[in-house]
Every structure is written in C-alpha cells, then in structure tokens.
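Working notes for the structure below.
2 protein chains.
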Amino acid sequence: MSNAKTSIAKRRKMSDIRKDNLKQILLSAENLFAERGYSSTTISAIALQAGLPKANVLYYFKTKETLYKEVLTQLLVLWMQHMDEMTSDQHPNEALPRYILQKMKQSKQQPNASRIFAAEILHGAPYLREQLQTDLKAQFIKTCQVFHDWIAKKWMDPISPEHLLFMIWSSTQAYSDFALQSSLLMDKDELDDNDFDAGLELISRLVLKGCGINLV
Amino acid sequence: MSNAKTSIAKRRKMSDIRKDNLKQILLSAENLFAERGYSSTTISAIALQAGLPKANVLYYFKTKETLYKEVLTQLLVLWMQHMDEMTSDQHPNEALPRYILQKMKQSKQQPNASRIFAAEILHGAPYLREQLQTDLKAQFIKTCQVFHDWIAKKWMDPISPEHLLFMIWSSTQAYSDFALQSSLLMDKDELDDNDFDAGLELISRLVLKGCGINLV
DNA sequence: AAATATCCTGACCTATGGGTCAGGTTTTGG
DNA sequence: CCAAAACCTGACCCATAGGTCAGGATATTT
C-alpha cells in the first residue's frame, strides 16, 4: 500500500521480475537493432521501449555490446533451425520445399532475425564470426553432405551443394531483408500473404526444376 | 618554391583540385560506409582515408548526410544499370543469363554498391525512398513488362515477373552482401573466381530450367 | 524482525563525433 | 600586379550517448 507499484501489481517474486525485465529488454533491443542497426540504436531508446529507466537496462546488461551479443546468439539459433530437418533418407522433392517453406515462414513471422543477421554479416560479422565458424559451419557441412548424398542417389542433378544453399538462403531471406524494397516497388504498404505465397512457389519451382528433382 | 606542396606537385588548376578531392572523398566514403555502415562511419575516418583534414571534407560536403546521399545516388545508378538491356524482342535464354552475368560481375568487382544499398534498405531506406519509388520503380515496371511479353510469346512459363526479379537480385547480390559468410563457411579468406563462376552457373541454370526456357 | 541479497534509479561523468568559424593560402580574372 | 574568388585548416563548441555510482527500495533468508 505504501507504493503504487506494489499496490497495483501485487508483489512479484524476484525471479519473475528478473525474467520479465530481461524478456522486455531483449525484445525491445531486438526490434530496435533490426530497425536501426547497432550503432544507431541507443540504450535510452531500448530502455524507453522496454518501459524501464536507462540505468536499469545497464543493471542487467553491463554494456550495449553484451546486450547485442545476447540478441545475436538468440537469433542465430532461430536462423539455423530447420536446417537439420533435411536428411539423406528423405527425398529432396519433399525435404527441399519444406525447408524453403520454413525459411519463408520465418521471413514473414520473424523478420528481425534475418535482418539483424544480415546487417551483422554486411559489416564484417565482428560479433558473430566465432559462432559462424563453429556452430553454423558444422550444420552447413552436414547439410551439404545431405545434398551430396541426394546427388549420389540420382535424386537430383549434380549441382554445387554449397551454392544451392546460398541461393536458398538469399532468396528466402530477401522476403524479410528487402521486403521494404519489394513493397515499395509493388505499391504496397507491406508484403501480404499472397506475396509470400508467390515467392515460396517461385523459389520452390526454380529449385526443384533447376536441380532436376522429379516430383512424385 | 615558397611552399612544399607547390614545389613538389607543380601548380594544379582549381577545377582539378576540386575534382580530385571530391573523387577521393567520395571513394573513401563509399568504402567506409560499405564497411561500417552509416552511423559507425565518422567524418574524421573518411578524411583520414582521403588524406585530407576533417574540416576540408566538411568544406566540400556541408554535412555527413549530404555526402552519404551523394554516394547513394551514384551507387543506385550502378545498381540499376544493365536492367534496361533486357528487351521484349530478345529471347530470355540469352537475355536472362546475360543479366545474371552482369549482376554477378558487379558483385565481384563493385561489392560496395550492393552492400551500401542493402544496408540502406534494411534500415528503412530513409535516404533512398524517393529514388526507389521513382527511378527504380519505373525500370522495375518496364522489366516486368518484358518478362510478361516473353511469357505471352510462350518463351517462358507463366511465372511471376516481380518475384523472379526479386529472386535474381537477391541471389546474385548475395555474392557481395553475404560473401563474408560464404567464405567463412567454405574456409576461405575470400571468394575466388571459381566461386563466382559456380554461383553464376547455378543461378542461371535454376532460372532457365525453372522458368521452362528452351536452350537454343 | 533483522540481516542480506537483489533490484532500482536520478544524477553525474566523459569521450566522441558532427559541425562552426576566423583567419590563412592559393588560384584566377582583369 | 592587385582584388576577388576559391580553397584550406587548427582550434573550438556542443549535443549525445555510453557508462558509473551512491544511496534507496524491495524481496529473501534466517
């Protein structure tokens, strides 16, 4: 009763406070980093959007860099997921379209991940280099191997696994990274479901036909 | 003789001085903006790289924003070139691979253009919106019309012209925007000619086969 | 209920970077 | 050769943003 906070929202456990605040900060940071990039994003802005005083944000994350790294790490997990769901025993006519679909869904539903990731790489990946060379690379090699196996089984033409993957990544992520450009060119406020469907269809079609993968 | 400058490099005309300095400044700015992005790039850094005092850079460009806009405008021209070389009377089995080749060449030889452009769009295109909605859009519509004509002539399957163009842009530009990622994943210092060739071949193949374009 | 750990925050410090300016030098035009 | 125009620049100004800190509030433990 002595204090507005505790009277309105009844006592919260400390662990809850911490969890809630961290979540809010990370969410706000993610949005702002995606929107403005690392150096244009200020801690005050993050604090404001998170509904906390600046000093409180600094209480949880000693530096802006720490906060950014944390956001990055979380997003890399997101970015990498689904890749390992393609395996050698699946036929590419199922596995590839499914992966493309998942990447497109992510571009639609979580554009921030791809955008922050893109900006980081564009500027030399100063904070992500390590993880790219370890985590992502391991998964990359595995996936290339899967493609390779598919080729050996004559399930697809002998194309370069590495470059096929690069192509799938870039063309699907374009639907978040360059969505603004696309929508400007097509006279829309933003991309709608039809656009994502059209993109999905086109990319799947090009990959399947281009790799000589027989439809069932 | 009274001064080191004039004694070493004999007198330069004023217009030359201006031209040289502008060139140096724009070049340095381009490199730094591409490398670090807009807000991480300082005028002092640009000046240093251009071999001029900071105040001299500010003499030519009143503000950092002016300089950035100038760089952007120059790069947009670069970025857009070649698109208008595809016309309705050409067969796509020639025109498309040629365009893809040109985009790939640009990714290799002038990666800065694509990178600065990408960063600008990623962050909401605050300085480029106008030109996207006028210049680029005009060219975009024309090119889509060309694709449309090809489809009408049964030279290619009825795919979405807009999304095909998005796909070509994103997959070719990836060879500059995400070159770092690719090289890290493939254990190289940087992409070499073979990589660009492999990318070119793969993208061309996917586009041609995917769009059902008959090779001659 | 007292002691302790965690959380919170306004006020403050400092470095940096964009931008100004006054006074200089060099080039040009007459 | 002289005046005007163009060019140059070290020193300065100031707003901002990252980060510190001391002291207070709240929660937990004993």
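Residue numbers (this note's numbering), protein chains in the order written: chain A, 14 to 229; chain B, 14 to 229. Glycine included, C-beta positions come from ideal geometry on N, C-alpha and C. As the structure is a computational prediction, the values presented were derived from the model and not from experiment.
Between residue i and the rest of its own chain, which residues show a CB-CB distance below 8 Å, the 5 nearest in sequence each way excluded?
{"i": "Val84 of chain A", "result": "Leu39, Ala42, Glu43, Phe46 and Ile129"}
{"i": "Leu65 of chain A", "result": "Asn34, Gln37 and Ile38"}
{"i": "Val70 of chain B", "result": "Ile38, Ile56, Ile59, Ala60, Ala63 and Leu80"}
{"i": "Asp148 of chain A", "result": "Leu89 and Met93"}
{"i": "Thr233 of chain A", "result": "With chain A running from 14 to 229 in the structure shown, residue 233 of chain A is simply not present."}
Over what stretch of residues does the alpha helix (DSSP H) that includes residue i continue unbroken?
{"i": "Phe160 of chain B", "result": "Lys150 to Ala165"}
{"i": "Ile226 of chain B", "result": "Here Ile226 of chain B belongs to no alpha helix (DSSP H), and DSSP marks it neither H nor E."}
{"i": "Ser52 of chain A", "result": "First-last for Ser52 of chain A: undefined, no H or E at that position."}
{"i": "Phe130 of chain B", "result": "Pro124 to Leu135"}
{"i": "Ser173 of chain A", "result": "No alpha helix (DSSP H) holds Ser173 of chain A; DSSP gives it neither H nor E."}
By Cβ distance below 6 Å, which residues in the same chain neighbour residue i in space, the five residues on each side in sequence not counted?
{"i": "Ile226 of chain B", "result": "Pro105, Asn106 and Met169"}
{"i": "Met96 of chain A", "result": "Gln152 and Thr156"}
{"i": "Pro110 of chain A", "result": "Ser217"}
{"i": "Gly50 of chain A", "result": "Ala132"}
{"i": "Ser15 of chain A", "result": "Unreliable placement is indicated for Ser15 of chain A, whose pLDDT of 31 sits below 50; the coordinate value is still reported in the next sentence. Same-chain partners within the cutoff: there are none."}
{"i": "Thr19 of chain B", "result": "Residue confidence is low: Thr19 of chain B scores 33 on pLDDT, short of 50, so the model does not pin down where it sits. Its coordinate-derived value is still stated next. No residues qualify anywhere along the chain."}
According to DSSP, is residue i part of a helix, a strand, or is it coil?
{"i": "Trp182 of chain A", "result": "helix"}
{"i": "Gly212 of chain B", "result": "helix"}
{"i": "Leu198 of chain B", "result": "helix"}
{"i": "His104 of chain B", "result": "coil"}
{"i": "Phe46 of chain A", "result": "helix"}
{"i": "Pro110 of chain B", "result": "helix"}
{"i": "Ala138 of chain B", "result": "coil"}
{"i": "Leu39 of chain B", "result": "helix"}
{"i": "Leu143 of chain B", "result": "The residue asked about is misnamed: residue 143 of chain B is Glu in this sequence, not Leu. Glu143 of chain B falls in the helix class under three-state DSSP."}
{"i": "Asp205 of chain B", "result": "coil"}
{"i": "Leu65 of chain B", "result": "coil"}
{"i": "Lys32 of chain A", "result": "helix"}
{"i": "Lys116 of chain B", "result": "helix"}
{"i": "Lys121 of chain B", "result": "helix"}
{"i": "Tyr26 of chain A", "result": "Checking the sequence shown, residue 26 of chain A turns out to be Lys, not Tyr. Coil at Lys26 of chain A, not helix or strand."}
{"i": "Ser217 of chain A", "result": "helix"}
{"i": "Ala17 of chain B", "result": "For Ala17 of chain B, the pLDDT reaches just 32, beneath the cut-off of 50, and the residue's location in the model is therefore unreliable, leaving the point undetermined."}
Ignore the nearest five residues each way along the sequence and tell me which others in residue i's own chain have a CB closer than 7 Å to its CB.
{"i": "Ile21 of chain B", "result": "Because Ile21 of chain B sits at a pLDDT of 32, beneath the cut-off of 50, its placement in the model cannot be relied upon, and the following sentence gives the value as read from the coordinates. So no residue of the chain qualifies."}
{"i": "His161 of chain B", "result": "Pro174"}
{"i": "Ser189 of chain A", "result": "Ser120, Pro124, Ser127 and Arg128"}
{"i": "Thr185 of chain B", "result": "Ile113, Lys116, Met117, Ser120 and Ile216"}
{"i": "Asp202 of chain A", "result": "Ser196"}
For the ligand SAM, is there a heavy atom less than 7 Å away from the beta-carbon of residue i?
{"i": "Glu214 of chain B", "result": "As far as ligands go, the structure on display features none, and thus does not contain the ligand SAM."}
Ordered list of alpha helix (DSSP H) runs contained in the stretch 74 to 99 of chain A, each at least 4 residues:
Those alpha helix (DSSP H) runs which fall completely within the stretch 74 to 99 of chain A and span 4+ residues are 77 to 93.
Please list, in chain order, the residues of the stretch 187 to 200 of chain A that have any C-beta partner in chain B closer than 7 Å.
Within the stretch 187 to 200 of chain A, the qualifying residues are Ala187, Asp190, Phe191, Leu193, Gln194, Ser195, Leu197, Leu198 and Met199.
Name the residues in the stretch 154 to 167 of chain A whose C-beta lies less than 7 Å from a C-beta of chain B; which are they?
Taken residue by residue, none of the stretch 154 to 167 of chain A has a beta-carbon sitting less than 7 Å from a beta-carbon on chain B.
Give the residues from the stretch 53 to 65 of chain B that approach chain A closer than 7 Å (Cβ to any Cβ), ordered along the chain.
Within the stretch 53 to 65 of chain B, the residues whose Cβ lies closer than 7 Å to some Cβ of chain A are Ser53, listed in chain order.
Residues of the stretch 122 to 139 of chain B in Cβ contact with chain A at a cutoff of 8 Å, in chain order, please.
With the criterion set as a beta carbon lying under 8 Å from some beta carbon of chain A, the members of the stretch 122 to 139 of chain B are Arg128, Ala131, Ala132, Ile134, Leu135, His136, Gly137 and Ala138, in sequence order.
Positions along the stretch 170 to 189 of chain B whose CB lies within less than 7 Å of some CB in chain A:
Those would be Ile172, Ser173, Glu175, His176, Leu177, Phe179, Met180, Ser183, Ser184 and Ala187, in chain order.
Can you pull out the residues from the stretch 94 to 112 of chain B whose beta carbon lies closer than 9 Å to at least one beta carbon of chain A?
Cβ contacts with chain A: none found.
Residues, ordered as in the chain, of the stretch 200 to 221 of chain A that lie near chain B by beta-carbon distance below 7 Å:
Within the stretch 200 to 221 of chain A, the qualifying residues are Ala211, Gly212, Leu215, Ile216, Arg218, Leu219 and Val220.
Any C-beta of chain A within less than 9 Å: which residues of the stretch 37 to 51 of chain B qualify?
The stretch 37 to 51 of chain B vs chain A, Cβ under 9 Å: Ala47, Glu48, Arg49, Gly50 and Tyr51.
For the stretch 80 to 94 of chain B, which residues have a beta carbon sitting closer than 7 Å to at least one beta carbon of chain A?
Going along the stretch 80 to 94 of chain B in chain order, one finds no residue with a Cβ nearer than 7 Å to chain A.
Residues within the stretch 142 to 153 of chain B neighbouring chain A, beta-carbon criterion of under 9 Å:
For the stretch 142 to 153 of chain B, residues whose beta-carbon sits nearer than 9 Å to a beta-carbon of chain A comprise Arg142, Leu145, Gln146, Leu149, Lys150 and Phe153.
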